[in-house]
Amino acid sequence: YQDKEEVVLWMNTVGPYHNRQETYKYFSLPFCVGSKKSISHYHETLGEALQGVELEFSGLDIKFKEDVMQTTYCEIDLDKGRRDAFVYAIKNHYWYQMYIDDLPIWGIVGEADENGEDYYLWTYKKLEIGYNGNRIVDVNLTSEGKVKLVPNTKIQMSYSVKWKKSDVKFEDRFDKYLDPSFFQHRIHWFSIFNSFMMVIFLVGLVSMILMRTLRKDYARYSKEEEMDDMDRDLGDEYGWKQVHGDVFRPSSHPLIFSSLIGSGCQIFAVSLIVIVVAMIEDLYTERGSMLSTAIFVYAATSPVNGYFGGSLYARQGGRRWIKQMFIGAFLIPAMVCGTAFFINFIAIYYHASRAIPFATMVAVCCICFFVILPLNLVGTILGRNLSGQPNFPCRVNAVPRPIPEKKWFMEPAVIVCLGGILPFGSIFIEMYFIFTSFWAYKIYYVYGFMMLVLVILCIVTVCVTIVCTYLLMNAEDYRQWTSFLSAASTAIYVYMYSFYYYFFKTKMYGLFQTSFYFGYMAVFSTALGIMCG
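FYI, the working numbering numbers position 285 of the sequence shown as 771, with every residue one higher than the one before it.
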């Protein structure tokens, strides 16, 4: 900024403190606007439009390095309707958010006295702005001037601005919003260490089981090789060698199966890339940049989905590859957009700022049809041509072998349910931190932790599914879905944990916030499950 250049105070949204996602336009409450009119226009990005950022000009006249004494900028004519609106806002702990030079400032609308009969509005915004050279590096807001809300009176709104020199570097100006005592707590380090020990234990266990057991199996099978055919037909062969003619039989619904596998590979690629980008760039300093990055990376990694889904479908002898490509491409977008569409209806009913504008919906649909689909097609064609030929080590028998009866704890349903427990155990402390930064007012910035947890989750999932698959093969069960589902069941545990989190860790209320919470938690859990699978 040059000296005396205009500094814009943007009003963003107002809403109840306990419901972070339930926000309304600031001027949906009967606040009044300052007198200054001329203003450069504000453009929002896709991420902001989806997150319900609604910046409106406050009308306050602020100039760089120019102090303003307490000045009345407008007055509210308080009739009964307006008083009721303010009383409702104060009862529900409404607070608002403003931006100066992209730095967020929060303030509370008003407060009630102890017995809850009289309500007071804060009328005086006292701004303290710190500057370093020609940059704004720090903003503080103090709300003063408590005025009792009495019908049919006039309330004067005032503000003052004080500029002070600050030593904060421009790059570090967001550090005061971070909460190291919360995110770098001993518990956080301990949970990572704990998960790490679990990984070492699991890898050891799996390698030991496989080495010892497989060696035994090999010894048994090679002994049987030496017998003549007569003895072998009479001998009691059992175990995984029995199903060698059925293991590579196509799964029961190959189209859905390969689409899920492709989508899972894509979600994993997106998670990896976004976490790496977030570790390098501080994405939390810009509104909506995390979401914009995720959308961009998801669209760009579509060939991964096509490659893995398409090649698996071709190996399983699938004929309708175009249908598979469409399902693979639109599986995740349809799930996310479907949920968003449903929640959008509630947002429109509430007149919330989260209601997604029609133009933004069209933009997202265009990304799906003109970016994700063509890239998916490229990936599918590459996958079918490069690794679409079945190269199985043994033939598939013409007649499927009947699956023998087994004990109840070897049933696929039981193994699938048990499979998700360990992967969930390795991530659930990190879940708490991620949930808190999303549903409460913390800025998540420890992406190094998230990267470690992702790596740990991968290793744990791999180990668990190897064991589950081995157990089922030994029980002569060759169905392929269990290998996918025994890891994907992590999603059920994460969703169950989100119920616990909602009832015991938050104070959310109301239809909008509740449906928002459980809708998007379901999307998150499903995506995580598909990725694990």
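Note that the Cβ used here is the ideal one computed from N, Cα and C, for glycine as well.
E630 vs W608 beta-carbon contact at 8 Å: Note that the C-beta distance between E630 and W608 is below 8 Å.
field: Straight-line Cα distance separating I818 from E772
entry: E772 and I818: Cα-Cα distance of roughly 26 Å.
query: With respect to the beta strand (DSSP E) encompassing I639, which residues constitute its N-terminal and C-terminal limits?
result: At residue 639 the sequence reads Thr, which differs from the Ile that was named. Here the beta strand (DSSP E) through T639 covers 639-651.
message: If you reduce the DSSP assignment to three classes, tell me which class R840 lands in.
response: In this structure, R840 counts as coil in the three-state DSSP scheme.
field: Neighbour-count burial assignment, I907, 16 or more Cβ in a 10 Å radius
entry: When all chains shown are included, I907 counts as exposed.
message: Which of the three DSSP states is assigned to N877 in this structure?
response: N877 carries a coil assignment under DSSP once its states are collapsed to helix, strand and coil.
message: In the DSSP assignment, the alpha helix (DSSP H) including C954 goes from what residue to what residue?
response: Counting along the chain, the alpha helix (DSSP H) containing C954 begins and ends at 933-960.
task: Output the distance between the C-alpha atoms of R870 and P876, rounded to the nearest integer angstrom.
output: When rounded, the distance between both Cα atoms is 11 Å.
query: Using DSSP with H/G/I as helix, E/B as strand and the rest coil, what is S629?
result: Annotated three-state conformation of S629 is strand, per DSSP.
task: Look up R621 in the DSSP assignment and give the residues it is bridged to.
output: Residue pairing by DSSP places R621 opposite N618 in a beta bridge.
message: My output table needs one value for A845: the three-state DSSP class, helix, strand or coil.
response: Helix, per DSSP.
- prompt: At which residues does the beta strand (DSSP E) containing E597 begin and terminate?
  reply: Note, E597: beta strand (DSSP E), 596-598.
field: Identified DSSP bridge partners for D563
entry: Looking at the DSSP output, D563 shares a beta bridge with K640.
- prompt: Can you tell me the Cα-Cα spacing of I759 and E491, whole angstroms?
  reply: The alpha-carbon atoms of I759 and E491 are separated by roughly 40 Å.
query: For Y933, which residues from the same chain have a beta carbon less than 6 Å from its beta carbon, with the 5 sequence-adjacent residues on both sides left out?
result: Contacts found: I761, A764, M765.
task: Kindly indicate which three-state DSSP category M994 falls into: helix, strand or coil?
output: Residue state, collapsed to three classes: coil.
message: List, from N- to C-terminal side, the alpha helix (DSSP H) runs of 4 residues or more that fit wholly inside the region 660-730.
response: The region 660-730 contains these whole alpha helix (DSSP H) runs: 666-669, 672-712, 715-720.
- prompt: Which value, in whole angstroms, describes the spacing of the CA atoms of K612 and D588?
  reply: Rounded to the nearest angstrom, the two C-alpha atoms are 18 Å apart.
- prompt: For A764, does the three-state DSSP call read helix, strand or coil?
  reply: DSSP places A764 in the helix class (H, G or I) of the three-state scheme.
- request: Name the one or two DSSP bridge partners that F543 has.
  value: Partner residues in the beta bridge of F543, as assigned by DSSP, are W496.
- request: Using the DSSP secondary-structure output, state which residues sit across from G750 in a beta bridge.
  value: Answer by DSSP bridge pairing: none, since G750 is not bridged.
query: Using the rule of at least 16 other Cβ atoms within 10 Å of the residue's Cβ for burial, across every protein chain shown, is E540 buried or exposed?
result: Classification for E540: buried.
- prompt: Going straight from the alpha carbon of P637 to that of A977, what length do you get?
  reply: Computed Cα separation, rounded: 53 Å.
query: Quick one, are the C-beta atoms of L515 and A598 less than 8 Å apart?
result: With contacts defined by Cβ atoms closer than 8 Å, L515 and A598 do not form a contacting pair.
- prompt: Do L627 and G593 have their CB atoms nearer than 8 Å?
  reply: By the CB criterion at 8 Å, L627 and G593 fall inside the cutoff.
- request: Answer with buried or exposed for S602, where buried requires no fewer than 16 other C-beta atoms within 10 angstroms of its C-beta.
  value: The residue asked about is misnamed: residue 602 is Gly in this sequence, not Ser. Per the 10 Å Cβ criterion, exposed.
field: CB of I945 within 8 Å of CB of V756, strictly
entry: Contact annotation: I945 and V756 have beta-carbon atoms that are not nearer than 8 Å.
- request: Please report how far the alpha carbon of K928 lies from the alpha carbon of K662, in whole angstroms.
  value: Cα to Cα, the separation comes out at about 12 Å.
query: Taking DSSP as the reference, what is the three-state secondary structure of K523?
result: In this structure, K523 counts as coil in the three-state DSSP scheme.
message: For the alpha helix (DSSP H) containing W925, name the first residue and the last one.
response: Element bounds for W925: 907-925.
field: Expected contact under 8 Å - CB spacing of Y995 and H504 to nearest Å
entry: Rounded to the nearest angstrom, the Cβ distance from Y995 to H504 is 7 Å, consistent with a contact under 8 Å.
- prompt: On the premise that F998 lies in contact with A442, defined as a C-beta separation below 8 Å, what is that separation, rounded to the nearest angstrom?
  reply: Examination of residue 442 is not possible in this model, given that the chain is present from 487 through 1019 alone.
query: Taking Cβ positions, are L564 and T846 nearer each other than 8 Å?
result: No. Outside cutoff.
query: Over what stretch of residues does the beta strand (DSSP E) that includes Q583 continue unbroken?
result: Q583 -> beta strand (DSSP E) spans 580-586.
- request: Give me the Cα-Cα distance between V494 and G520, rounded to the nearest whole angstrom.
  value: So the alpha carbons of these two residues sit roughly 12 Å apart.
- prompt: Leaving out five residues before and five after K640 in sequence, what residues of the same chain have Cβ atoms less than 8 Å from its Cβ?
  reply: Answer for K640: E561, I562, D563, L564, listed in chain order.
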